[in-house]
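The listed protein sequences derive, respectively, from chains A and B. Numbering-wise, my numbering puts 216 at position 145 of the first sequence, and it's gapless, one number per residue. Numbering-wise, my numbering puts 940 at position 2 of the second sequence, and it's gapless, one number per residue. Every residue, glycine too, gets a C-beta built ideally from N, C-alpha and C. Notes follow the structure.
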Amino acid sequence: MPIGFQELIDLYYQNLYRYALSISGSRENAWDLTQETFLIWARKGSTIRSDKATKSWLYTTLYREFLKLSKRNSRVVALEDQSMCYESLSDEEDPLPHFEAEGVMNLLMELKLEYRKVVTLYYLESYSFKEISKILDIPIGTVMSRLARGKDVLRRKLRNENEPNNIIAYKNLERASGDE
Amino acid sequence: MNKVEAKLVLSNYTLGEAPVEDPRFDAALKIAEADPELTAWWNRAKENDAVIQGRLRSFEPPSDLRAALGASMENASKKRNFRRTFTRYLALAASLVVVTGIYFQFIVDRSDEYTGPLVDRAFNYSFDEPRLKYFNKDTTKITDWLGDQNFDLPPQLPPRFLAQEGIGCRPLNWSDSKVAIICVDAEVVYHLFVAKGEEFEEVNLSDTFEYEKRKAGWTVSKWESQGHVFVLTAKASQERMESMLAEYSP
Chain A
72 MPIGFQELID LYYQNLYRYA LSISGSRENA WDLTQETFLI WARKGSTIRS DKATKSWLYT
132 TLYREFLKLS KRNSRVVALE DQSMCYESLS DEEDPLPHFE AEGVMNLLME LKLEYRKVVT
192 LYYLESYSFK EISKILDIPI GTVMSRLARG KDVLRRKLRN ENEPNNIIAY KNLERASGDE
Chain B
939 MNKVEAKLVL SNYTLGEAPV EDPRFDAALK IAEADPELTA WWNRAKENDA VIQGRLRSFE
999 PPSDLRAALG ASMENASKKR NFRRTFTRYL ALAASLVVVT GIYFQFIVDR SDEYTGPLVD
1059 RAFNYSFDEP RLKYFNKDTT KITDWLGDQN FDLPPQLPPR FLAQEGIGCR PLNWSDSKVA
1119 IICVDAEVVY HLFVAKGEEF EEVNLSDTFE YEKRKAGWTV SKWESQGHVF VLTAKASQER
1179 MESMLAEYSP
């Protein structure tokens, strides 16, 4: 039996809103995107059975709605980070300083959009890069690169560190990973 | 894979369970197992990511969002149900229209609308596409069916006509006289009308084929045989109709 509306909302609306806020950078847009995603579910009367597939469908739909919104607002985001280069990862020597949820969200929203899209899905749902690749419809290698880079930048921001300037080529590994 | 690349791969696996059958992860893990520094880094990365995940998941959405979502989804669902019900009734109505159309097109015998001498009536009826009652590709079954309907067919019918692929037939009641129409498919549809001669005495037919050219490339042939009158119509030339009647003598 497909789950009821309220149960569906209770299960997913919080993380969906968090994701919408992360990628849109606006509480108003995050509200609209979350609402539109559930409305599409209600209108289409989806027959998706499994919880996993339902969650994935909701994120995919929300992301597509975000792309439409971006297009309408003429805020088409140029793809970045296509150079297949990767900066060295932070050493993780120290534990992270204490931050409230609001603070982490604010720092997350300071990341470039291409990182935010990937990093937020990773933290909110512990999605693998393969699942993130499917939801965002981007190659796995790109997800890996952006995830590692985005997470590193976020950690540096949490530690109030400067971003590194030593670049390490990531081309070979990226190619080896393939797009699957 | 070197240490930097291994670090990069492991950084993608700091939350959740380790992947199964992932060669890149396996290779990176192997390097980490031989490198305490890398292992320590990965453990710290997992701890730090768990902290970030916890903080992010504790970010509170607006308090009134949940109620608003519930209300809007219920509303959308009601509209969808209304549209679905409306669509069903619309489909039902459309089906009725189609069925009614088929009924009037193929089932209702409108042959009484055709009047005049038998030959003209047969031609006009053929020209407007006759409504048949029994359909079969086998002409033997068509003639058998007419026999079952107490229609007295003559023993001899044009053999080439009977050798064609059957379409169907219908017994007609024209001016209180029984007329059978048999249709076959020979690239064009041939219509053979058969009636008892005594019921159409006003039709003066001979026991030889007579041909008439009609409008739009149609040809009509008529003859009398075995106490029956015959009218054959088709959108075909006289030559083709003669060919259809070959091997048959009235």
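Checklist entry - DSSP three-state call for Val958(B): helix, strand or coil? => result In this structure, Val958(B) counts as coil in the three-state DSSP scheme.
Next on the checklist: Short of 6 angstroms in beta carbon distance, which residues of its chain neighbour Glu107(A), apart from the five on each side in sequence? Order them along the chain.
Outcome noted: Excluding five sequence positions before and after Glu107(A), the CB atoms of its chain that fall closer than 6 angstroms to its own CB belong to Glu136, given in chain order.
Checklist entry - Within the 8 angstroms Cβ cut-off, does Arg1004(B) reach chain A? => result Arg1004(B) counts as touching chain A.
Item to check | Partner residues on chain A for Asn950(B), Cβ-Cβ distance less than 7 angstroms | outcome: Neighbours of Asn950(B) in chain A, taken as residues at a C-beta separation under 7 angstroms, are given in chain order as Phe200, Met215, Leu218 and Ala219.
Checklist entry - Straight-line CA distance for Trp1156(B) to Val1036(B)? => result Spanning the two alpha carbons is a distance of roughly 31 angstroms.
Checklist entry - Distance, Cα to Cα, Arg217(A) vs Arg1004(B)? => result Straight through space, the alpha carbons of Arg1004(B) and Arg217(A) are spaced by roughly 32 angstroms.
Next on the checklist: With a threshold of 8 angstroms between beta-carbons, can Lys142(A) be considered close to chain B, or not?
Outcome noted: It does not: the Cβ of Lys142(A) has no partner Cβ on chain B nearer than 8 angstroms.
Checklist entry - Just reading off the beta strand (DSSP E) that Ala1060(B) is part of, what are its end residues? => result Here Ala1060(B) belongs to no beta strand (DSSP E); instead the alpha helix (DSSP H) covers Leu1056 to Phe1065.
Checklist entry - What's the call for Asn86(A), buried or exposed, on a 16-neighbour Cβ count within 10 Å? => result Answer is buried; the Cβ neighbour count reaches 16.
Next on the checklist: Under 8 angstroms: do the segment 942-955 of chain B and the segment 190-202 of chain A share three or more Cβ pairs, one atom per stretch?
Outcome noted: The segment 942-955 of chain B is in contact with the segment 190-202 of chain A.
Item to check | the segment 1101-1118 of chain B contacting the segment 1130-1142 of chain B, beta-carbon criterion three pairs below 8 angstroms | outcome: Put simply, the segment 1101-1118 of chain B touches the segment 1130-1142 of chain B. At least three CB pairs are less than 8 angstroms apart.
Next on the checklist: Just to confirm before moving on: does the CB-CB distance between Leu184(A) and Val190(A) stay below 8 angstroms?
Outcome noted: No. Outside cutoff.
Next on the checklist: Under 8 angstroms, Cβ to Cβ, is there at least one residue of chain A near Phe1089(B)?
Outcome noted: Against chain A, the CB of Phe1089(B) has no partner CB under 8 angstroms away; the residue lies outside that interface.
Checklist entry - For Lys1075(B) versus Glu1051(B), is the C-beta spacing smaller than 8 angstroms? => result Cβ distance not < 8 angstroms, so Lys1075(B) and Glu1051(B) don't count as in contact.
Checklist entry - What's the C-alpha gap between Ser1144(B) and Glu1177(B)? => result Separation of Ser1144(B) and Glu1177(B) (C-alpha to C-alpha, rounded to the nearest whole angstrom) is 20 angstroms.
Next on the checklist: Quick check on DSSP: helix, strand or coil for Ser199(A)?
Outcome noted: If DSSP states are grouped into helix, strand and coil, Ser199(A) belongs with coil.
Checklist entry - With 16 other CB atoms within 10 Å as the buried threshold, where does Asp29(A) fall? => result As displayed, chain A neither begins before 72 nor continues past 251, which places residue 29(A) out of reach and without an answer.
Item to check | Beta-carbon neighbours of Ile80(A), restricted to chain B and to distances below 8 angstroms | outcome: Those are Arg1004, Leu1007, Gly1008 and Met1011, listed as they occur along chain B.
Checklist entry - Counting pairs of Cβ atoms below 8 angstroms between the segment 1005-1016 of chain B and the segment 97-114 of chain A, do you hit three or more? => result Yes, they touch.
Checklist entry - Can we say the segment 1146-1162 of chain B touches the segment 1057-1064 of chain B, given the rule of at least three CB pairs closer than 8 angstroms? => result Below 8 angstroms, enough C-beta pairs join the segment 1146-1162 of chain B and the segment 1057-1064 of chain B to call them touching: three or more.
Next on the checklist: So, with DSSP's three-state summary, where would you put Trp980(B)?
Outcome noted: Residue state, collapsed to three classes: helix.
Item to check | Outcome for His1129(B) when other beta-carbon atoms lying within 10 angstroms are tallied against a minimum of 16 | outcome: His1129(B) comes out buried.
Checklist entry - For Tyr90(A) versus Leu138(A), is the C-beta spacing smaller than 8 angstroms? => result Not in contact: Tyr90(A) and Leu138(A) (Cβ atoms no closer than 8 angstroms).
Next on the checklist: Whole angstroms are fine: how far does the CA of Ala101(A) sit from the CA of Arg95(A)?
Outcome noted: Checking the displayed sequence, the identity of residue 95(A) turns out to be Ser instead of Arg. Each residue's alpha carbon lies about 6 angstroms from the other.
Checklist entry - Cα separation between Ser125(A) and Leu948(B)? => result As written in the sequence, residue 125(A) is Thr, which differs from the Ser given in the question. Approximately 28 angstroms, taken between the alpha carbons.
Checklist entry - Thinking just about the alpha-carbon of each residue, which of Ile990(B), Ala1172(B), Trp1161(B) and Asp960(B) is nearest to the one in Asp1123(B)? => result In terms of Cα proximity to Asp1123(B), the closest of Ile990(B), Ala1172(B), Trp1161(B) and Asp960(B) is Ala1172(B).
Item to check | Ile969(B) versus Leu1034(B), Ala1031(B) and Asn940(B), residue with shortest Cα-Cα distance | outcome: Looking at the Cα atoms, Asn940(B) is the closest of the given residues.
Item to check | Interface residues of the segment 982-1001 of chain B facing chain A [CB-CB below 8 angstroms] | outcome: Per Cβ criterion, the list reads Arg982, Ala983, Glu985, Asn986, Asp987, Val989, Ile990, Gln991, Arg993, Leu994, Arg995, Ser996, Phe997, Glu998, Pro999 and Pro1000.
Next on the checklist: Counting only C-beta atoms, is Lys188(A) closer than 8 angstroms to chain B at any point?
Outcome noted: Lys188(A) is outside the set of residues whose beta carbon lies under 8 angstroms from a beta carbon in chain B.
Checklist entry - Beta-carbon of Thr268(A) versus every beta-carbon of chain B: anything under 8 angstroms? => result Residue numbering for chain A in the displayed model covers 72 to 251; residue 268(A) lies beyond these limits and cannot be assessed.
Next on the checklist: According to DSSP, simplified to helix, strand and coil, what is Gly1104(B)?
Outcome noted: Of the three classes helix, strand and coil, the one that applies to Gly1104(B) here is strand, per DSSP.
Item to check | Neighbour list for Arg227(A) in chain B, Cβ cutoff strictly below 9 angstroms | outcome: Proximity of chain B to Arg227(A) at the Cβ level (cut-off 9 angstroms) is not reached, the minimal Cβ distance being about 11 angstroms.
Checklist entry - Got a sec? Which residues, its chain only, sit under 6 angstroms from Leu1028(B) by beta carbon, not counting five neighbours each side? => result No residues qualify anywhere along the chain.
Item to check | For Asn950(B) and Leu167(A), believed in contact at Cβ under 8 angstroms, the rounded distance | outcome: 19 angstroms between Cβ atoms; not a contact.
Item to check | DSSP state of Pro1109(B) mapped onto helix, strand, coil | outcome: In the structure shown, Pro1109(B) adopts extended strand secondary structure according to DSSP, grouped into three states.
Checklist entry - What residues in its chain sit with their C-beta under 6 angstroms from that of Pro1188(B), if we drop five residues either side in the sequence? => result Cβ within range, chain order: Asp1145, Trp1161 and Ser1163.
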